[in-house]
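Comments concern the structure below.
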Amino acid sequence: MQPVYNETHMELRETVREFVKRKIQPIASRIDTEDYFPEEIFKEMGRLGLLGITVPEEYGGSGMDYAAQALVEEELGYVSPPLALSYGAHSNLCLDSLYRNGSIQQREEYVPKLCSGEWIGSLALTEPSSGSDALAMKTEAVRDGDGFLLNGSKTLITNAPYSDLFFVYARTGKEYTPFVVLSGDKGFSRGSKFSKMGMRGSPTGELFFDSIHLTRDRIIGKENDGKNVILNGLNSERVILSFIFLGLARRALELSVSYASERKQGGQTIDRYELVQEKLAYMYSRYRASRFLCEDALAKLKGSSKDGLSAATGILYTAESAEYIAREAVQIHGGYGYLRDFEVERLLRDAILGQIGAGTTEIRKHIVARELSKSFLHSGKIPE
Ligand SMILES: Cc1cc2nc3c(=O)[nH]c(=O)nc-3n(C[C@H](O)[C@H](O)[C@H](O)COP(=O)(O)OP(=O)(O)OC[C@H]3O[C@@H](n4cnc5c(N)ncnc54)[C@H](O)[C@@H]3O)c2cc1C
0 MQPVYNETHM ELRETVREFV KRKIQPIASR IDTEDYFPEE IFKEMGRLGL LGITVPEEYG
60 GSGMDYAAQA LVEEELGYVS PPLALSYGAH SNLCLDSLYR NGSIQQREEY VPKLCSGEWI
120 GSLALTEPSS GSDALAMKTE AVRDGDGFLL NGSKTLITNA PYSDLFFVYA RTGKEYTPFV
180 VLSGDKGFSR GSKFSKMGMR GSPTGELFFD SIHLTRDRII GKENDGKNVI LNGLNSERVI
240 LSFIFLGLAR RALELSVSYA SERKQGGQTI DRYELVQEKL AYMYSRYRAS RFLCEDALAK
300 LKGSSKDGLS AATGILYTAE SAEYIAREAV QIHGGYGYLR DFEVERLLRD AILGQIGAGT
360 TEIRKHIVAR ELSKSFLHSG KIPE
């Protein structure tokens, strides 16, 4: 496997680690218990150049790559998975996609505000009656003079209660087109924030579009080319978001090794018991295997090919493993693991989202199996 990180990435990791330890670790529990979204930290991440990390400097970004974005996700996921989720929705799903697919005018007008954190962004694909089957969306943009009229709604959208700019997919006739929608647009409204099991502090909500007039310059990319944008975006989203769950798994494992080496029962620390050792061994091997799969998918994302198989395989295995590792971490902590005061309890609730967001586990399995069959039919081999 090609190495994904260079010296610059290593330095960035140290900077991000220091930042999350100083600024986020002390409020990580509050983010969960109070369902608190720390807007000021988002702005600070903007000032540090983390929000627009994949965007060139001329548009207010840091001019780095997906490996840089992935390692920020991992370090955030280690300390505060909900903040990592909001970061991913803003920096990857919305900002990176807008930069890659947007016009020069959109890059100049919107991208710097999203890079600095002055604006918060969301990507809106899911609707009340279309989740896994995203292309069954009902939100529609119909030609109106020289522009479009947008009607419909979106739900379960990360950052929606706070966002200023939305990357919205709509049906345009038989095809699909993404549009920029702004919170100040006439006819735009949003629902209240959902209360969630986990990922609390990452605000999730609904959006409503009531005959919003959109001029043609709000089209992102080419009219009717939305299907390609959705599919490419989902690949990048799967790779980047998988790193949240890698960070979460690392934290749950570390807490477990530490606890097992201190907690005494029957006159010895519990890490001397073979059944606990078996747990730690499986947790570690699944964590390491997840890292290889995530980094393999990341290495392929950096290149020109849009490798759907690696992206789906990486997040499929990593999300399942993070939930398994967090569940075992609770078990290793015994009764204390079940208490709200213990971090592993929060990590388990956060881990569950990994199998739902960015396409569910079931859809990822479908993609992997479909790609295997396709490759075998084509070449008589399974892909390496
Ligand atoms: C916290 C959170 C944040 C989110 N953030 C965003 C966001 O920022 N932007 C956005 O657009 N969306 C977002 N989502 C939505 C998320 O992408 C969807 O919830 C997800 O794609 C599943 O869609 P659904 O909830 O409608 O479930 P459904 O599609 O209704 O699925 C229900 C169940 O049926 C299974 N199922 C469905 N179809 C199939 C099939 N063909 N084969 C086998 N099983 C199937 C699913 O796997 C699942 O288990 C978020 C969701 C959550 C919970």
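The opening position of the sequence shown corresponds to residue 0 in numbering that gives the first Met the number 0, with each subsequent residue numbered one higher. Cβ coordinates follow ideal geometry from the N, Cα and C atoms, glycine included. Here the structure is a predicted model, which means the values were calculated and not measured.
Taking a contact to mean a Cβ-Cβ separation below 7 Å, would you say residue i touches residue j in this structure?
i	j	result
A368	L347	no
G200	I30	yes
L297	E370	no
Y168	G232	no
F178	A123	no
K195	P202	no
A321	F244	yes
E56	F242	no
A27	S61	no
N390	S188	Residue 390 lies beyond the stretch modelled for the chain, which goes from 0 to 383, so this question has no answer here.
L206	L149	no
L75	Y86	yes
S255	A328	yes
S90	L50	yes
P160	G130	no
A248	Y286	yes
N100	G186	no
Y65	L300	yes
G59	P111	yes
Looking at the secondary structure, which residues open and close the alpha helix (DSSP H) in which residue i lies?
i	result
H391	In the structure displayed, the chain extends from 0 to 383; residue 391 sits before or after that span and is not available.
S309	307 to 331
A83	80 to 86
M0	M0 -> no alpha helix (DSSP H), and no H or E assigned at all.
D349	342 to 351
A448	Not covered by the structure: residue 448. The range shown for the chain is 0 to 383.
F41	38 to 46
How many angstroms separate the CA atom of residue i from the CA atom of residue j?
i	j	result
T138	L376	37 Å
A9	E17	Sequence check: residue 9 is Met here, not Ala. Each residue's Cα considered, the two are about 13 Å apart.
K173	L315	31 Å
I218	D340	47 Å
I63	E294	It should be noted that the sequence gives Met, not Ile, for residue 63. Going by the C-alpha atoms only, they are around 17 Å apart.
R271	S182	57 Å
G45	L240	19 Å
L338	H332	10 Å
Q104	I211	21 Å
Y335	R262	11 Å
G146	E108	19 Å
T14	T312	30 Å
E361	D209	33 Å
N234	L11	24 Å
T32	P81	12 Å
G190	I156	11 Å
A251	R215	48 Å
T359	A83	18 Å
T317	Q354	9 Å
L230	Y283	32 Å
D418	G144	Here the chain covers residues 0 to 383 and nothing more, so residue 418 does not appear.
What are the boundary residues of the beta strand (DSSP E) that includes residue i?
i	result
K364	It is not in any beta strand (DSSP E) - K364 instead sits in the alpha helix (DSSP H) that spans 360 to 378.
Just checking my contact of residue i with residue j at CB under 8 Å: how many whole Å lie between their CB atoms?
i	j	result
L22	E43	Before going further, note that residue 22 is Lys rather than Leu in the sequence given. Sure, about 7 Å apart at Cβ, within 8 Å.
T154	E117	26 Å between Cβ atoms; not a contact.
A140	T171	5 Å
A310	V228	With 8 Å as the limit, A310 and V228 do not qualify as a contact, their Cβ atoms being about 16 Å apart.
L92	V54	With a Cβ gap of about 14 Å, L92 and V54 do not count as contacting.
Discussion item. Going residue by residue through the segment 157 to 225, where are the continuous beta strand (DSSP E) segments of at least 3 residues, counting only ones entirely within it?
Written reply: 164 to 171, 174 to 181, 187 to 189, 203 to 214
Discussion item. Report the start-end ranges of each beta strand (DSSP E) in the segment 81 to 161 that is 3 residues or longer and not cut off at the edges.
Written reply: 120 to 123, 139 to 143, 146 to 157
Worksheet item: Going along the chain, which unbroken runs of the beta strand (DSSP E) with 3 or more residues stay wholly within the segment 234 to 260?
Response: none
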